[in-house]
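> Start counting the sequence shown at 1; every next residue gets the next number (this note's numbering).
Sending over a structure as structure tokens; questions will come in a sec.
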Amino acid sequence: MFYVSKVSLLFFLLALVGLFSSLILKATSFDFTHYGKLAVFGFILPTVVGAFYQIIPNSQQKKLNSSFIGYIVFMLSILNLYYLYINDFEKSSFFIVAVALLSTIHLAFVINNLKPITVKFLLFANIFMVLSAIFLMLSVKSPQFSLQIAIHTFTIGVMINAVLGVQTAWIPMIYMQELGKTKFAKVLLQLLVYIHQFIVLAILVGFYFGNYKIVGAFALVELAFIILFIKFVFYDSIKPQFKLHGIPYQVKFFLTGQIFLLAGLIVAHIIGISNKFELIPYHVDLMVYGFAVFTIIGGMVHLAPRIIWNIVYVKKAQAMKQIPNVKGVISREKAEKLYYVALVGYLLFAFFDVLFGGFIASLVYIVFLAIVIFGFLMDFYRLYVL
């Protein structure tokens, strides 16, 4: 790593607090807007900001100056999570705007190379993060800007852009493959960046005018877009190395997240074309507790050990001293088992949510996720103290 962001680890821990807080709210409240807001802006937002602080400077091969600003953003994120939990959305919207603007301005000073596809996706994610925060504040003040616009600006504009950007870098890297096997694939992948932004804008226009037919139609277009992405990023990277390496646990988390994303888009299409708004909680289950949770866990278990290793061991490595290997400390066999624990936990969560409601479902998912996260944290701690 060219640059190591220590504050990213704090953002990841805060995000996990936000995840469990949202599940507690889901278990104790029938208000899906409350736990949905907390899940999006208390779980996904700090994850994205923490990832940006690590990935963007490294994508530019530049060190981030004034690193103390990252800790200010982190403190603002704690306040945001508190006000989200107590449902004081007016105050939390102020802190969300502050987090989005301050982190974006701070990171903007290291960006000077916009050519890589990863950087383009992350740049658009930053732009939509600021727009989402502004729309969020406007939704508190003006009925013209609904909460749906702010949330979907974040989910499809920020979260999906960020995920796709990171995966265009990490998936080929894990398999030691080139992104885009042919000239056609390279051109198409570059076009997909801009196609996705058009889809985001079209869906937001649909929400702005209350035309859910538009939302449903473009949810289907996004579905086709994600299928193309899976083919040209995942399949083309995995296929040549499958017999030799199989599918590493990080990639299993990512792929499972993509499957939940496809399912969530299908539900969004059904809601849009048939006005079946009673399906919204299940759409949230798929997009947040499926797609986001699995993708974020995959990202954390890939990135966090490497941050810890660079914090603790990089100087020893430079001095040619004996140091532990990340892959040796993070047991693949154990990580595979934890992946299946997470998958079973989600399937039970979805099953119980449909049959019995959020209380039992959330408690079950909390237990399974606690096992998964504690299992990975134990390995991270071992890496730190070795």
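Every residue gets a Cβ at the ideal spot worked out from N, C-alpha and C, and that includes glycine.
Treat the numbers as computed from the prediction; the structure is a model and nothing was measured.
Which of the three DSSP states, helix, strand or coil, is assigned to Pro116?
Here residue 116 is taken as the residue at index 116 of the sequence shown, counted from 1. The answer is coil: DSSP assigns Pro116 none of H, G, I, E or B.
> Whose CA, out of Ser8, Tyr194, Trp309 and Val284, lies closest to the CA of Val354?
Taking the sequence shown and counting its residues from 1, one reaches residue 354 at position 354. Residue Val284 is the option with its Cα nearest to Val354.
> If you scan the segment 72 to 132 from start to end, which runs of the alpha helix (DSSP H) of 4 or more residues do you find wholly inside it?
Segments of the alpha helix (DSSP H) lying fully in the segment 72 to 132: 89 to 108.
> Beta-carbon within less than 7 Å of Phe260's beta-carbon, same chain only, minus the 5 sequence neighbours each way: which residues are those?
In the sequence shown, the residue the question calls residue 260 occupies position 260. Cβ neighbours of Phe260 beyond the five flanking positions: Leu286, Gly290, Phe291 and Phe294.
> Thinking just about the alpha-carbon of each residue, which of Ile195, Pro57, Tyr208 and Ala185 is nearest to the one in Phe234?
For the purposes of this step, residue 234 is taken as residue 234 along the sequence shown, with counting starting at 1. Residue Ala185 is the option with its Cα nearest to Phe234.
> If Leu38 and Leu25 are in contact, beta carbons under 8 Å, what's the gap, nearest whole angstrom?
Mapped onto the sequence shown, residue 38 falls at position 38. Mapped onto the sequence shown, residue 25 falls at position 25. That pair is a contact at about 6 Å.
> Identify which residue in Lys334, Val163 and Val312 has its Cα closest to the Cα of Gly257.
If you number the sequence shown from 1, residue 257 lands on position 257. Out of Lys334, Val163 and Val312, Val163 has the C-alpha closest to the C-alpha of Gly257.
> DSSP state of Ile55, grouped into three classes?
For the purposes of this step, residue 55 is taken as residue 55 along the sequence shown, with counting starting at 1. Helix, per DSSP.
> Which residues in the same chain as Val200 place their Cβ atom closer than 6 Å to its Cβ, once the five residues preceding and following it in sequence are excluded?
Here the question's residue 200 lines up with position 200 in the sequence shown. Answer for Val200: Ile156 and Gly157, listed in chain order.
> Here's the rule: buried if 16 or more other CB atoms are within 10 angstroms of the residue's CB, otherwise exposed. What is Thr28?
On the sequence shown, position 28 is the one that residue 28 refers to. By the 10 Å Cβ count, Thr28 comes out exposed.
> To the nearest angstrom, report how far apart Gly180 and Leu81 are at their CA atoms.
Working through the sequence shown from its first residue, we reach residue 180 at position 180. Working through the sequence shown from its first residue, we reach residue 81 at position 81. Their backbone Cα atoms lie some 40 Å apart in a straight line.
> In whole angstroms, what is the alpha-carbon distance linking Val187 and Leu114?
For the purposes of this step, residue 187 is taken as residue 187 along the sequence shown, with counting starting at 1. For the purposes of this step, residue 114 is taken as residue 114 along the sequence shown, with counting starting at 1. The alpha-carbon atoms of Val187 and Leu114 are separated by roughly 16 Å.
> How many whole angstroms separate the CB atoms of Gln167 and Gln241, which I take to be in contact at a CB cut-off of 8 Å?
Mapped onto the sequence shown, residue 167 falls at position 167. Mapped onto the sequence shown, residue 241 falls at position 241. Wrong, their Cβ atoms sit about 16 Å apart, outside the cutoff.
> Measuring only the C-alpha atoms, how far is Gln190 from Leu386?
Working through the sequence shown from its first residue, we reach residue 190 at position 190. Working through the sequence shown from its first residue, we reach residue 386 at position 386. If you take the alpha carbons of Gln190 and Leu386, they lie about 43 Å apart.
> In whole angstroms, give me the CA-to-CA distance for Ile111 and Ser77.
Position 111 of the sequence shown, counted from the first residue, corresponds to residue 111. Position 77 of the sequence shown, counted from the first residue, corresponds to residue 77. Approximately 23 Å between the Cα atoms of the pair.
> Tell me, to the nearest whole angstrom, how far the beta carbon of Leu23 is from that of Tyr365; I am working on the premise that it is less than 8 Å.
For the purposes of this step, residue 23 is taken as residue 23 along the sequence shown, with counting starting at 1. For the purposes of this step, residue 365 is taken as residue 365 along the sequence shown, with counting starting at 1. About 6 Å; that satisfies the 8 Å criterion.
> Considering only residues of the same chain and omitting the five flanking positions on each side of Pro57, which have a CB-CB separation below 8 Å?
Counting from 1 along the sequence shown, the entry for residue 57 is found at position 57. Here the set comprises Phe2, Tyr3, Ser5, Lys63, Leu64, Leu107 and Val110.
> For the candidate residues Ser142, Ile86 and Ile105, whose alpha-carbon lies nearest to that of Ser66?
Your numbering for residue 66 matches position 66 in the sequence shown. When each option's Cα is compared against that of Ser66, the closest is Ile105.
> From Leu45, Phe218 and Pro172, pick the residue whose C-alpha is nearest to that of Leu204; which is it?
Working through the sequence shown from its first residue, we reach residue 204 at position 204. The candidate whose alpha carbon is nearest that of Leu204 is Phe218.
> So, for Val48: in the same chain, excluding its five sequence neighbours on each side, which residues have a beta-carbon less than 8 Å away from its beta-carbon?
Counting from one through the sequence shown, the residue named residue 48 turns up at place 48. These residues qualify, in order along the chain: Ala125, Met129, Val158, Met159 and Ala162.
> What's the gap between the Cα of Ile271 and the Cα of Ile195?
Sequence index remark: in the sequence shown, residue 271 carries index 271 (1-based). Sequence index remark: in the sequence shown, residue 195 carries index 195 (1-based). Answer to the nearest angstrom: the Cα atoms are 23 Å apart.
> Mind reading off the beta-carbon distance from Ile171 to Ser237? Whole number of angstroms is fine, and I expect it under 8 Å.
Your numbering for residue 171 matches position 171 in the sequence shown. Your numbering for residue 237 matches position 237 in the sequence shown. Between Ser237 and Ile171 the Cβ distance is about 5 Å, and since that is below 8 Å, they are a contact.
> Are Val372 and Ala350 close, meaning C-beta to C-beta below 8 Å?
Residue 372 sits at position 372 when you count from the first residue of the sequence shown. Residue 350 sits at position 350 when you count from the first residue of the sequence shown. Cβ atoms of Val372 and Ala350: not closer than 8 Å.
> Give me the Cα-Cα distance between Ile273 and Phe43, rounded to the nearest whole angstrom.
In the sequence shown, the residue the question calls residue 273 occupies position 273. In the sequence shown, the residue the question calls residue 43 occupies position 43. Straight-line Cα distance between these residues: approximately 29 Å.
> I'd like the span of the alpha helix (DSSP H) that includes Tyr346, first residue to last.
On the sequence shown, position 346 is the one that residue 346 refers to. Looking at the DSSP string, the run of the alpha helix (DSSP H) that includes Tyr346 is Arg332 to Phe356.
> So Ile214 packs on Ala224, CB below 8 Å; how close in whole Å?
Counted from its first residue, the sequence shown places residue 214 at position 214. Counted from its first residue, the sequence shown places residue 224 at position 224. Not confirmed; about 16 Å, so no contact.
> Roughly how many angstroms separate the alpha carbons of Gln61 and Val119, rounded to a whole number?
Taking the first residue of the sequence shown as position 1, residue 61 is located at position 61. Taking the first residue of the sequence shown as position 1, residue 119 is located at position 119. Going by the C-alpha atoms only, they are around 12 Å apart.
> If you draw a straight line from the alpha carbon of Phe391 to that of Ser132, how long is it in whole angstroms?
Any property of residue 391 remains undetermined from this structure, which presents the chain solely from 1 to 386.
> Taking DSSP as the reference, what is the three-state secondary structure of Phe154?
If you number the sequence shown from 1, residue 154 lands on position 154. Three-state result, Phe154: helix.
> Whose C-alpha, out of Met75, Gln54, Ile117 and Pro116, is nearest the C-alpha of Ala98?
Working through the sequence shown from its first residue, we reach residue 98 at position 98. Closest option to Ala98, Cα to Cα, is Met75.
> How is Gln197 classed by DSSP in three states: helix, strand or coil?
Taking the sequence shown and counting its residues from 1, one reaches residue 197 at position 197. The answer is helix: DSSP assigns Gln197 an H, G or I state.
> What number of angstroms, rounded off, separates the C-alpha of Phe95 from the C-alpha of Leu377?
Position 95 of the sequence shown, counting from 1, holds the residue named residue 95. Position 377 of the sequence shown, counting from 1, holds the residue named residue 377. Their Cα atoms are separated by approximately 29 Å.
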